[in-house]
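According to this note's numbering, the sequence shown is numbered sequentially starting from 12.
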Amino acid sequence: MKRTTFYAWLLLTAAVSTLALYWMAGGSIALQKAALGMVVFFVVFTQLMYHLGLRSSRSANPFLFTQIFMVSVLFKIVLLTLFVVVLLKLMEVNPRQLAAPLGTTYVLFTILETWVLMRLSKLRA
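What follows is the structure in structure tokens.
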């Protein structure tokens, strides 16, 4: 997968996610800031996974790509949980208001991340 293709899809996913989250937030400034923070979190994490996946797909170790993918799932869940706790404490957002935006963002970026990693795994073959 070319870098330009990856970044084009990442930008598109971030834009769609941001628009959807701002629509869901309504007039709540705290929820809009939390939504923007979620998008930034997922953009950074997806970029990190792309670069790690690209390097591991070129590695001599045939199991490195799978190991990185498995660890990244656990790492993403732990970081996301910590991020949500910080959002709830600092921004004083109602947890019920955060559920739908978080779920939407998580699904959109996980689909992109899975698609990108599948394409990168085919580089090995």
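Where is the CB? At the ideal position from N, CA and C, for every residue including glycine. Predicted model only: the values in this text are computed from it and were never measured.
For Lys87, the three-state secondary structure derived from DSSP is helix. With a cutoff of 8 Å on beta-carbon distance, Leu109 and Leu98 are scored as near each other.
Going by C-alpha positions, Met35 is about 23 Å away from Ile88. In the DSSP assignment, Ser132 falls within the unbroken alpha helix (DSSP H) covering Pro106 to Ser132.
In terms of Cα proximity to Leu90, the closest of Phe56, Ser39 and Ala45 is Phe56.
When only Cα atoms are considered, Leu22 and Val104 end up about 26 Å apart. Our two residues, Arg66 and Gln78, have alpha carbons roughly 13 Å apart in a direct line. Counting other Cβ atoms within 10 Å of its Cβ, Phe17 reaches 16 or more and is therefore classed as buried. Out of Arg69, Thr116 and Leu123, the CA that lies nearest to the CA of Ser28 is found in Thr116. Here Phe76 carries a helix assignment [DSSP, helix/strand/coil].
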